[in-house]
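Worksheet: the structure to be examined is printed underneath.
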Amino acid sequence: MARKIGLIVKPDPNARRHADALERWLKDRGCEVVRKASVLPLSSKSAGGHTGAPSDLFCVVVLGGDGTFLSAVRWMGDNQVPILGIKFGEVGFLAEAAEDQIYTAIESILSNHFTTRPRIRVDVEVWYQKELIKHETVFNDVVINKGALARLALIKTHVDGRYLTDYRADGLIVATPTGSTAYSLAAGGPI
């Protein structure tokens, strides 16, 4: 049975050119390739889970930067599949390999010579007047703000179903261990 490899590609001519060559290379090795361009975030009005990635993927290879990597995580939803980031973007903190290491890294994966690092994700629900208005599972960070309201928002927080505290603020930023504190700093908040 052929291994099914997900391939998420940054919308960039250089990344697409490398993806074309990589797709041929993988098919020559008997792999089936499921190729996608970056997956956009769901609408801020949507509630519900993500769809898209087949559940039988062996791994996902990302050609792009951190934005494309996060796009791949959204596409994967709840699937527990290794994701290999190849840096083709401006920011590549989440990438494990550089552009010139593509084939070496993927050859290691195909021959089962790799290790994985489990990453924590946060399941976020946003409720307004007892109505679920947003449900997301985030890999990096989540920002909740008051929107167009001119007053402070009351943010009631629960962790693992248990009440934590209430915040009166213009927003709240929650980051996973993988998530960057840069957003909090840029927003003028604490780390």
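All letters in the sequence shown, in the order written, are residues 8 to 198 by our numbering.
Where a beta carbon is used, it is the ideal one built from N, C-alpha and C, also for glycine.
This one's a predicted model, so the numbers in the text were calculated from it and none came from an experiment.
Quiz item: Is the beta carbon of F2 less than 7 Å from the beta carbon of I12?
Solution: Within the shown structure, residues of the chain are numbered from 8 to 198, placing residue 2 beyond reach of any answer.
Quiz item: DSSP three-state call for S53: helix, strand or coil?
Solution: Residue placement at S53 is flagged as unreliable, the pLDDT there being 42, under the threshold of 50; the coordinate-derived value follows with that caveat. Three-state result, S53: coil.
Quiz prompt | CB of E97 within 7 Å of CB of G72, strictly | solution = yes
Quiz item: What residue does the alpha helix (DSSP H) around I113 start on, and which one ends it?
Solution: Per DSSP, I113 belongs to the alpha helix (DSSP H) from I109 to L117.
Quiz prompt | Length of the line joining the Cα atoms of V133 and R10 | solution = Near 38 Å, if we compare the C-alpha coordinates of R10 and V133.
Quiz item: Which stretch, first to last residue, makes up the alpha helix (DSSP H) that contains H120?
Solution: Premise fails: H120 is in no alpha helix (DSSP H) and is neither H nor E.
Quiz item: Apart from the five residues just before and just after V40, which ones in its own chain have a Cβ nearer than 6 Å to its Cβ?
Solution: I12, L14, E30 and L33
Self-check item: Contacting residues, own chain, Cβ-Cβ under 7 Å from V88 (five flanking each side not counted)
Solution: L64, C66 and V67
Quiz item: Over what stretch of residues does the alpha helix (DSSP H) that includes R31 continue unbroken?
Solution: Start and end: P20 to D35.
Practice problem: Taking I162 as the reference, give the member of G154, A155, T172 and G168 with the closest Cα. | Solution: T172
Quiz item: What did DSSP end up calling G4 once you bin it into helix, strand or coil?
Solution: Since the first and last residues shown for the chain are 8 and 198, residue 4 lies out of range.
Quiz prompt | Backbone CA spacing between P18 and A194 [nearest angstrom] | solution = Each residue's Cα considered, the two are about 28 Å apart.
Quiz item: From what residue to what residue does the alpha helix (DSSP H) around E159 run?
Solution: Checking the sequence, you will find Leu at residue 159 rather than Glu. Annotation for L159: no alpha helix (DSSP H) segment contains it, and DSSP assigns it neither H nor E.
Quiz item: Assuming V149 contacts V166 under a Cβ cut-off of 8 Å, what Cβ separation, rounded to an integer in Å, is found between them?
Solution: Actually they do not touch by this definition, with Cβ atoms about 13 Å apart.
Quiz item: Is L179 near I151, with beta carbons less than 7 Å apart?
Solution: yes
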